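Numbering (this note's numbering), first residue to last: 20 to 273. Think of the CB as a built atom: it goes at the ideal place given N, C-alpha and C, for glycine as much as any other residue. Only a predicted model underlies this, so the values are computations on that prediction, with no experimental measurement involved. Here is the structure we will look at, set down as structure tokens.
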Amino acid sequence: LACLQVDRLLVVTFTNAAAQEMKNRIGEALEKVLIDEPGSQHIRKQLSLLNKASISTIHSFCLQVIRGYYYMLDVDPRFRIANQTENELLKEEVLDDILEEEYGIEDNTIFFELVDRYTSDRSDDDLQRMILALHTESRAHPNPEKWLDKLVEAYDVEGKTIEDLVYASYLLEDVKFQLETAEQHIRKATELAMLPDGPAPRVETLQADLALLGTLSSAARESWTSVYEAMQNVSWQTLKRIKKSDYNEDIVKQ
20 LACLQVDRLL
30 VVTFTNAAAQ
40 EMKNRIGEAL
50 EKVLIDEPGS
60 QHIRKQLSLL
70 NKASISTIHS
80 FCLQVIRGYY
90 YMLDVDPRFR
100 IANQTENELL
110 KEEVLDDILE
120 EEYGIEDNTI
130 FFELVDRYTS
140 DRSDDDLQRM
150 ILALHTESRA
160 HPNPEKWLDK
170 LVEAYDVEGK
180 TIEDLVYASY
190 LLEDVKFQLE
200 TAEQHIRKAT
210 ELAMLPDGPA
220 PRVETLQADL
230 ALLGTLSSAA
240 RESWTSVYEA
250 MQNVSWQTLK
260 RIKKSDYNED
270 IVKQ
């Protein structure tokens, strides 16, 4: 620590809490050294300079640089950071202007197809909320425009099979889960039907359904194409009718 100059440090974090924690850690480290070297004027000086150290969030550091060099950036020195409410109002105002401009363009086919899909007869509030949500999400990425372009690519299905689509694997996982859940329910129903007071005539149908679900689950573990082909042969059996006097109603309700 002999050459450490606290006021020459630049430490940036993502949150104010992290910045404060970093300051506290540096202060604690300096105090520990001071216990071992109580006569060190250098360490005492660093402790006194700790509050002047550039340990802050990235936003705070950038703001400090802009304020210090506004004359080189052609920025009004009296500028300030808009609060969240002002930000939201500005975004809504800009969006209103953009949409108004688009509405005024004749033969704006693609835009009006978008409007038809995501608006109601009364307003385009849903469309505005969707655009603002996409804008907010995009700002969390290093390259917002590239991220948005990737979203568009995900919906470009020309020349692609369902296996090539980005979201296909997620949907297939959900299909697997639904089929596994259905199998669990059918197994439970079969166990109940085989009880002494259970609806035994329905066991055959339940077992047939379980076998069919097993076939579909196996197909789902392979590909969408396999699931599609398996679904073409699906034919569910109808549960056999039985008299209420032949079984315990409480078992059936389970």
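Taking the Cβ atom as the reference point for each residue, do residue i and residue j lie within a distance shorter than 8 Å?
i, j, result
"Ala212", "Leu232", "no"
"Val176", "Leu184", "yes"
"Leu114", "Gln147", "yes"
"Thr209", "Leu198", "no"
"Tyr137", "Asp145", "yes"
"Ala173", "Ile181", "no"
"Leu151", "Lys179", "no"
"Tyr88", "Pro96", "no"
"Leu118", "Asp143", "yes"
"Val94", "Ile100", "no"
"Glu120", "Phe130", "no"
Within the same chain, show all residues whose beta-carbon is closer than 7 Å to that of residue i, passing over the 5 residues directly before and after it, in chain order.
i, result
"Met41", "Val30, Thr32 and Ile74"
"Leu191", "Ala239 and Trp243"
"Glu56", "Ile62"
"Val222", "Thr209, Ala212 and Met213"
Quick one: what's residue i bridged to in DSSP?
i, result
"Ile74", "Val30"
With distances taken from CA atoms, which of the options is nearest residue i?
i, options, result
"Ala249", "Ser242, Thr257, Thr76 and Leu235", "Leu235"
"Trp166", "Asp175, Glu177, Leu153 and Val176", "Leu153"
"Asn35", "Arg221, Gly46 and Ile77", "Ile77"
"Gln203", "Thr180, Ala230, Glu182 and Pro220", "Ala230"
"Ser245", "Asp216, Pro220, Pro218 and Lys195", "Lys195"
"Ile261", "Gln103, Gly217, Glu56 and Leu49", "Gly217"
"Leu23", "Glu105, His61 and Glu47", "His61"
"Thr155", "Leu133, Ala219 and Asn106", "Asn106"
"Ala38", "Leu49, Arg27, Glu50 and Phe80", "Phe80"
"Pro220", "Lys259, Arg44 and Tyr189", "Lys259"
Is residue i near the ligand SAH, judged by its Cβ being under 7 Å from some heavy atom?
i, result
"Asp126", "Here there are no bound small molecules, and the ligand SAH is not part of this structure."
Helix, strand or coil: how does DSSP classify residue i here?
i, result
"Gln65", "helix"
"Phe98", "coil"
"Met213", "coil"
"His46", "According to the sequence shown, residue 46 is Gly rather than His. Here Gly46 sits in helix by DSSP."
"Val176", "coil"
"Pro161", "coil"
"Ser245", "helix"
"Asp55", "helix"
"Trp255", "coil"
"Pro218", "coil"
"Gln24", "coil"
"Asn127", "coil"
"Thr138", "coil"
"Ile261", "coil"
"Arg2", "Limits of the chain in this structure are 20 at one end and 273 at the other, which puts residue 2 out of reach."
"Asp168", "helix"
"Val185", "coil"
For residue i, which residues from the same chain have a beta carbon less than 8 Å from its beta carbon, with the 5 sequence-adjacent residues on both sides left out?
i, result
"Asp228", "Ile205, Trp255 and Gln256"
"Val253", "Leu231 and Leu235"
"Arg63", "Leu53"
"Ser139", "Asp145"
"Gln251", "none"
Would a check of beta-carbon distances place residue i closer than 8 Å to chain C?
i, result
"Thr155", "Within the model displayed, chain C is absent; a lone protein chain is all it includes."
With a threshold of 6 Å on Cβ separation, who are the neighbours of residue i within its own chain once the five nearest residues in sequence on each side are excluded?
i, result
"Val25", "Gln65, Leu68, Leu69 and Ala72"
"Pro163", "Ser157"
"Leu28", "Ala72"
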